[in-house]
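Residues in the sequence shown are numbered consecutively from 231, following the working numbering.
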Amino acid sequence: MVELLNWLFGQYADYPTLFIGLELIAVIFGVASVLLASKTNILVFPIGLVSTAIFVYLLWKWQLFGDMFINAYYTIMSIYGWINWSKNKELTQHRNHINPTAQQHNQELKNTDAPNLIQVERLDKNDVPILALLAAATIAFVGLVYYFRPVINNNFSFDGAELGMHLFTWVDYTDMLTTALFLMAMWLMARRKIEHWILWIVADAISVPLYFYKGLTFTALQYVVFTLIAIWAYYEWQRRYRLQSHAAYA
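Rendered as structure tokens:
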């Protein structure tokens, strides 16, 4: 048991107390934001911003640039999603005001802890080209970051820095994949698309062993929780979509 705990948390012996505390805070706020997202609660975005901002700082210090880029993007998309969800909330309230029957059907959603009553949607064909472009751009960008990592680690100097894809590790390639999945998922989430949970499930599941390998045990455990929540949330958003459809045709 002692050996297991040492394997899981031994790396924290060399970490500053500040970094450990910040990682725990980021994990707590991250889990809270995913729970709020599963309930289509608009507070997912301000709560999530706390987590992503902390992780941007920590990941820069740890030189995990792909992960840092993910969280920087999350911060930007959280602001966009906050605006998008707020507009949808106002539109929904307006529709309920002019359609009392729909308002009665939506009461069932209100009774399931959805105080903001955000309308969810399904993926459509117009989303696919944007997703493909986002994935390609993400993989290319993160690949360039890792290609020039020796220069970055050399205080942004080319002197003595060796470059080449032969320096890439399986962690780098996996990081490129998960970065693309996470960025696509966050974009779809900001646009209230149900299918974003599928991308979260896949990327979260891959991230669990990846973060254990990187020595970030608390973050790895966070992704275990994320995976379980995302599986439940996917079915929850499907249920909400069916209730919305009933209200729309009422």
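Don't be surprised by glycine CBs; every beta carbon is placed ideally from N, CA and C. Please read these numbers as outputs of a predicted model, since none were measured by experiment.
Item	Value
Since K423 sits in a beta bridge, which residues does DSSP pair it with?	E351
Sorted by chain position, which residues of the same chain lie with C-beta nearer than 7 Å to F398's C-beta, five sequence neighbours on each side aside?	Y376
Can you tell me which of the three DSSP states K269 falls into?	coil
Could you check the C-alpha separation between L252 and V350 for me, to the nearest Å?	33 Å
From A267 to D389, what distance separates their C-alpha atoms?	47 Å
In this structure, how does DSSP classify F398 when only helix, strand and coil are distinguished?	coil
For I428 versus Y464, is the C-beta distance shorter than 8 Å?	yes
Take R469 and list the residues in its own chain whose beta-carbon comes closer than 6 Å to its own, dropping the five residues that flank it on each side.	none
Work out the CA separation of G278 and T305 for me, nearest whole Å.	8 Å
Could you pull out every residue in the same chain whose Cβ sits closer than 7 Å to the Cβ of W417, ignoring the five residues on either side in sequence?	M307, L364
Run the CB neighbour count on V358, radius 10 Å, all protein chains shown included, and call it buried at 16 or more, exposed below.	exposed
Helix, strand or coil: how does DSSP classify L446 here?	coil
Three or more C-beta pairs closer than 8 Å, one from the segment 377-384 and one from the segment 392-407: is that the case here?	yes
Could you tell me how far apart the beta carbons of T408 and S437 are, in whole angstroms, since I believe they sit closer than 8 Å?	6 Å
Since G390 is in the alpha helix (DSSP H), which residue starts that stretch and which ends it?	Taken as a continuous stretch (DSSP letters only), G390 belongs to no alpha helix (DSSP H), as it is neither H nor E.
Got a sec? Which residues, its chain only, sit under 8 Å from L248 by beta carbon, not counting five neighbours each side?	none
Enumerate in chain order the residues of its own chain whose CB-to-CB distance from A262 is below 6 Å, with the five nearest sequence positions on each side excluded.	I277
Determine whether the beta carbon atoms of I431 and W467 lie at a separation below 8 Å.	no
Please classify S475: is it buried, with 16 or more other beta-carbons within 10 angstroms of its beta-carbon, or exposed?	exposed
If you follow the alpha helix (DSSP H) that W290 is in, where does it begin and where does it stop?	274-291
Can you name, in chain order, every residue of its own chain whose Cβ lies under 7 Å from the Cβ of S316, other than the five neighbours on each side?	I272
At a Cβ threshold of 8 Å, is L411 touching chain B?	In summary, chain B is missing from the structure at hand, where a single protein chain is found.
Near L458, which residues of its chain fall below 8 Å by C-beta distance, leaving aside the five closest residues on each side in sequence?	none
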